[in-house]
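As given, the protein sequences belong to chains A and B, one line each in that order.
For the first sequence, the residue numbers in the working numbering are 1262 to 1732.
For the second sequence, the residue numbers in the working numbering are 1262 to 1732.
Backbone N, C-alpha and C fix where the C-beta goes; we use that ideal spot for every residue, glycine too.
Keep in mind that this is a model prediction, so the values were computed, not measured.
There are 2 protein chains.
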Amino acid sequence: MKPSLSIFREVLYRLPPTIARLQHEAVNPDATLSVNGFIKSIRRQKRVSFAVLSDGSHAQGIQAVFLDTSLTDGLTNGTSVRLTGKIKDSPGQKQDRELLVDGVEILGGCDPEIYPIQKQALSTEYLRENMHLRARTDNVSAMLRLRSRLMHSVMNYFNTQGFYFTHTPILTGNDAEGAGESFRLAQFADPQPDRPNETSEFFGHPAHLTVSSQLHLEALASGLSRVYTLSPCFRAERSQTNRHLAEFWMLEAEWMDVNREGVQGICGLVEDSVKSYASDVIGGQDVEVLWKDVEEVRRKTLVDSLSKTWARMTYGDAIKALQDAKNVKFEFEPRWGRTLQSEHEKWLSETFVGGPLFITDYPGNLKPFYMRANEDGETVGCFDLIVPYVGELVGGSVREGRVDILESKMRKDGLGLGKHEYGWYADLRRYGGSPHVGFGMGFERLVAWLGGIDNVRECVPMPRWASKMLL
Amino acid sequence: MKPSLSIFREVLYRLPPTIARLQHEAVNPDATLSVNGFIKSIRRQKRVSFAVLSDGSHAQGIQAVFLDTSLTDGLTNGTSVRLTGKIKDSPGQKQDRELLVDGVEILGGCDPEIYPIQKQALSTEYLRENMHLRARTDNVSAMLRLRSRLMHSVMNYFNTQGFYFTHTPILTGNDAEGAGESFRLAQFADPQPDRPNETSEFFGHPAHLTVSSQLHLEALASGLSRVYTLSPCFRAERSQTNRHLAEFWMLEAEWMDVNREGVQGICGLVEDSVKSYASDVIGGQDVEVLWKDVEEVRRKTLVDSLSKTWARMTYGDAIKALQDAKNVKFEFEPRWGRTLQSEHEKWLSETFVGGPLFITDYPGNLKPFYMRANEDGETVGCFDLIVPYVGELVGGSVREGRVDILESKMRKDGLGLGKHEYGWYADLRRYGGSPHVGFGMGFERLVAWLGGIDNVRECVPMPRWASKMLL
C-alpha cells in the first residue's frame, strides 16, 4: 500500500517524511503512513511490544507500538524495517508521539550475535575501530547533526555580513610557509614514454596539501572584499593530543578592515559570530544528548559566557597575570617572549577569567611573517581566542600591508619572492592593497566546545591522525 | 570623521555596508558615509569626474561622482580608496544610485604602467596566469559570487528535504576502487630514530586523495538516512579537456530509498534540485554578466528547460536513436555495450531532445561494482544526466544491497574484502542495510552550465590541471 503523504506539502518535499518531520510537524492522526529506519531497542511484553525506531534524523527517534506482538518476529537491534501505521500522541512521559504499527516489512536483517553496535555502552576507542557503523550511535549521530546545523549557522552569519563563500585550493605549491608540517604528493613512478617532457611531478613541481587557506583567501579578498571558507586542512603532526587531527576542517575568513578597527574589530566579529552559532544550537536536542554525561561546571561556564562580554588582554598582561598567579605551579615558567603553553592558557581562561579570553598582541618572533608589526617594534597585531576546557579556538591577525616590511620578513623566513613562489602574495599589496584582517577557527574545536566533547576525534565523521586512517 | 551607520540595523550588522547593501537597501540620502573599494575605471571631465568603485560585492559597483575634480588626483585603475560622501539616486540611465564624493583617502596605490589587470579585454589564458588578481575582473568575480549563491541554494534545498551536511574524509586508504587515477601521499624520508616502529608512511599504510565521497557517504547514510556533502575530489587525469580538473568540487548525496522509486526517484530529485538552484540564480546580475557574450541559443535552451520535464531514456534506446540518426557522422560507431562518447551525448541532448537528458540503465560492464544489477542480468540501475553544451553533469545509481552479489563483483574487480580494505563497505549491507541511492554532481560543471562558461577552469577560483598549479 502506498503511504499517504497528503499531510505534507507535496510541492516542497520530494521525499517521504523523516522521523524528525513526523515528530515536529502537523500530522493527520487518521492517515496511514510508512516510516523507514533501524531498530534501536525492542521491549517485548505479553500484550504489547515497543521498539525505538531511528532514522538518524532526530535524537529520540520514534516509539513504535505493536498491539499485535507477532509483528515483532525477527526484529532485532540494528534491523532495518519499514513500519506502516498511524502517528498518535503518546500517552507515555518520555516521548511526544508514537507510531501505532499495523504492518512490518524487514528491509535488512541484522544478526544480534555479531552486530558490532550492541546496546550496552561501547567505549569511544571501540567505536573508532568500528567507524563505518558508529553513525548509528546516539552520540556520534548527535555530533553529526550538530556539525550540519553549525555549518548552516556559519553560512547564515557570514552571508548576513556580506561575505561570499569560496573554495580555496587544497593542493598548493606552498609548503606550509616553511613550517615543515605539510603533506606532499608522491611523484608518479614513470613519465609516459610518449610524453617525454612530462616530469614525474603531476603538476611539474612539488604539490602539498594546504595547511591553511589564508594566503589564497587574501587573494580572493582583494577582489571580493569579504570572503570565507570552511575547508579541509592538513598537518603532518605526530602529536597525539585530544586537540589535533592530521585532517581537519577550518573556518577561515578574510575581509577589508573598512573602519580600521584592527585586532579589536576582529575580536568583535569573532565573539559575535560564535555567540550566534551557540545560540542556534544550545538547548537543542542534539546538544542535550552530547552534554548528558559532562560535568555541570563546563556547561555552566559555556552558557554563562554567552550573555557576557568576553575578556580581552594583551600577551604582556597575560604573562604578568601568570607570573603573579598564586597557588599554582606551572611546569613551564611564564616569561615574556616565550610561547604560552596549554597549562598557561587553561589557567587564564578557566581560573583567571572563568570564560573565553582573547589574548592579543603577541611578540612578533612567536608568530608568522604575515601579521602586521605594531608600532612598538616588538609585537604584532594578532589574537588567539582561548575557551575553557578546549584551549585555542581561533587565531587571527591584521595582515601586514606594507610591502617593504612584508618582503623583508619573507626573506628572513627564506620564502622565495619569485612569481611562482610567494611573490604573488606580496603582489596583493603592490596593486591597490587595502588594510585587511582575518582569522581561522578549527571547526572540530568549535564542535568540541559547544558539544562538550573531550576529543576532536569524536568531532569529525572519520578522524585521521598519525598512524591511524580507517576507511 | 566617523561615518554614520545609523541607517542600518546596528545589531545585525557587525561591519559597515558593502556596495551591494548600499545599492539594494534603504539609505538616508542626507547621511554621510564612507565606502571602501578599488577603482575600476575613471573618467575625468572639466567640471565633474566619474569613477566606478567596486568592492566585489555587486556586479556593477557604484558610480562615484566628483564635483571637485581635484579629488581624483592620484586615482588610477586598481587604486584602493576610501570615499566619503552621500548616496543619491542617480540621474544617469545605467545605474540606480551614485556616491556624491566629498572626501578621498588613498589606501593603496596602483602603478597604472605595470598593473596586470588593464582595462582592455584580457584573454582567459592571461588571467589564468595572473590568478591571484583575476578576482578583480567582472567575469571572475561574477563567477565567484555565483558559486557562493549556488552553495546556499544547495544547502537550502537539501536541508528542506531532511538531509544533513557531512564532511567525508579527503585522505583515504581507498585507491579509487582500483581505477588507478588517484593521487598518493609521499612517504616521509626518514622514520624518526626515537620511534623505530613507525614506518615512513604517516598513517602506517598508503594514503590517497579521495576521488569520490560516495563510499564514505554510504556509511554515514546507514546512520543518518539522508546525507550530502560538497567536497573536494581529485583525479590524476592527464586529459586536457575543458571539462576536467585535477582538483574539483563534487556535490554528492546518498539517501534511503523509502518508497523504492529506484533510478526514476533519483532522477526526480536531481531534476527538482537543479531547477531549484537555477531558479535561484537565473536572472540575477551575476548570471547576466556571465551570459553577456554567450550565443543566444545556449541561453534559450537552458531557460526553456526549466519549465519543462526533462527527457529520460534508457541506454538501449539511446543507442538505437544514435544508430537511427540521419545526417550525422559519428567518429565512434554507437553500439550496445560500448561507452557513449562525448559526440554521442552532445547529439542526444543538443539535437535529439534539445535539452537535459537522463540516460538510464547502462550495461553493467561499463559501470562500477557498487551499482545495483537489474533483473535483466545485463544492465544496472543507474543514470547519467547530460545537459546541452556541457555534457555529463550528474551520475548516480541504486546501490547494490545484496551482499553476495556485491562481494562477488568486488572479488572480480580485485578489491580486498578485509576489514581494512573494502570489507567495511560490504558490512553496511550485513548489519541492517536498507535500499539506498545516490548521485554525484560536478559543482564546476553546474557553474559552467548555469553561468554559460565554456571551460571549468573558469568555474573555480584557482584551477589545477596536469602540469599546472599556480599559487
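Euclidean distance between Cα positions of residue i and residue j
{"i": "P1624 of chain B", "j": "S1534 of chain A", "result": "51 Å"}
{"i": "R1596 of chain A", "j": "D1645 of chain A", "result": "18 Å"}
{"i": "R1672 of chain B", "j": "H1681 of chain B", "result": "15 Å"}
{"i": "F1613 of chain A", "j": "A1586 of chain A", "result": "9 Å"}
{"i": "E1479 of chain A", "j": "G1577 of chain A", "result": "29 Å"}
{"i": "V1309 of chain A", "j": "D1329 of chain A", "result": "7 Å"}
{"i": "K1349 of chain A", "j": "S1568 of chain A", "result": "39 Å"}
{"i": "I1300 of chain A", "j": "F1327 of chain A", "result": "13 Å"}
{"i": "L1609 of chain A", "j": "A1507 of chain A", "result": "27 Å"}
{"i": "K1307 of chain A", "j": "N1297 of chain A", "result": "25 Å"}
{"i": "V1655 of chain B", "j": "F1700 of chain B", "result": "7 Å"}
{"i": "R1304 of chain B", "j": "I1714 of chain B", "result": "31 Å"}
{"i": "R1352 of chain B", "j": "V1708 of chain A", "result": "Sequence check: residue 1352 of chain B is Pro here, not Arg. Answer to the nearest angstrom: the Cα atoms are 51 Å apart."}
{"i": "V1651 of chain A", "j": "K1729 of chain A", "result": "22 Å"}
{"i": "L1689 of chain A", "j": "M1574 of chain B", "result": "51 Å"}
{"i": "M1416 of chain A", "j": "E1513 of chain A", "result": "12 Å"}
{"i": "L1667 of chain B", "j": "G1657 of chain B", "result": "17 Å"}
{"i": "M1511 of chain B", "j": "R1496 of chain B", "result": "12 Å"}
{"i": "W1552 of chain A", "j": "Y1631 of chain B", "result": "38 Å"}
{"i": "A1539 of chain B", "j": "Q1284 of chain B", "result": "24 Å"}
{"i": "Y1425 of chain B", "j": "F1419 of chain B", "result": "7 Å"}
{"i": "E1594 of chain B", "j": "R1397 of chain B", "result": "46 Å"}
{"i": "W1571 of chain A", "j": "S1315 of chain B", "result": "35 Å"}
{"i": "H1466 of chain B", "j": "P1722 of chain B", "result": "33 Å"}
Residue i in three-state terms, based on DSSP
{"i": "F1449 of chain A", "result": "coil"}
{"i": "R1275 of chain A", "result": "coil"}
{"i": "L1491 of chain A", "result": "strand"}
{"i": "M1412 of chain A", "result": "helix"}
{"i": "Q1324 of chain B", "result": "strand"}
{"i": "W1510 of chain B", "result": "strand"}
{"i": "A1634 of chain A", "result": "strand"}
{"i": "E1661 of chain B", "result": "coil"}
{"i": "D1372 of chain A", "result": "coil"}
{"i": "S1726 of chain B", "result": "Inspection of the sequence shows that residue 1726 of chain B is occupied by Trp rather than by Ser. Here W1726 of chain B sits in strand by DSSP."}
{"i": "L1470 of chain B", "result": "strand"}
{"i": "M1392 of chain B", "result": "coil"}
{"i": "N1417 of chain B", "result": "helix"}
{"i": "L1294 of chain B", "result": "strand"}
{"i": "Y1650 of chain A", "result": "coil"}
{"i": "G1598 of chain A", "result": "coil"}
{"i": "W1516 of chain B", "result": "strand"}
{"i": "A1687 of chain B", "result": "helix"}
{"i": "C1720 of chain A", "result": "coil"}
{"i": "L1731 of chain B", "result": "coil"}
Beta-carbon contacts of residue i that lie in its chain and below 6 Å, excluding the five residues immediately before and after
{"i": "D1547 of chain B", "result": "A1320, A1403, R1406 and L1407"}
{"i": "R1718 of chain A", "result": "P1724"}
{"i": "F1591 of chain A", "result": "E1604"}
{"i": "L1481 of chain B", "result": "T1427 and V1488"}
{"i": "N1720 of chain A", "result": "Position check: residue 1720 of chain A holds Cys in this sequence, whereas Asn was assumed. The residues are E1705, V1708, A1709 and I1714."}
{"i": "G1523 of chain B", "result": "G1642 and V1659"}
Neighbourhood of residue i by C-beta, 8 Å cutoff - its chain only, sequence neighbours within 5 removed
{"i": "E1390 of chain A", "result": "L1731"}
{"i": "G1526 of chain A", "result": "D1518, N1520 and V1698"}
{"i": "N1626 of chain B", "result": "G1598"}
{"i": "S1414 of chain A", "result": "S1537, Y1538, D1541 and V1542"}
{"i": "D1399 of chain A", "result": "A1320 and V1550"}
Expected contact under 8 Å - CB spacing of residue i and residue j to nearest Å
{"i": "W1516 of chain B", "j": "R1487 of chain B", "result": "4 Å"}
{"i": "G1339 of chain A", "j": "C1371 of chain A", "result": "3 Å"}
{"i": "G1423 of chain A", "j": "A1281 of chain B", "result": "7 Å"}
{"i": "C1528 of chain B", "j": "F1509 of chain B", "result": "23 Å between Cβ atoms; not a contact."}
{"i": "S1295 of chain A", "j": "R1343 of chain A", "result": "5 Å"}
{"i": "L1411 of chain B", "j": "A1468 of chain B", "result": "31 Å between Cβ atoms; not a contact."}
Same chain, Cβ closer than 7 Å to residue i, neighbours up to 5 away in sequence not counted
{"i": "L1394 of chain B", "result": "P1377 and I1378"}
{"i": "V1648 of chain B", "result": "S1610, P1617, L1654 and W1710"}
{"i": "S1566 of chain B", "result": "G1616 and P1617"}
{"i": "L1273 of chain B", "result": "none"}
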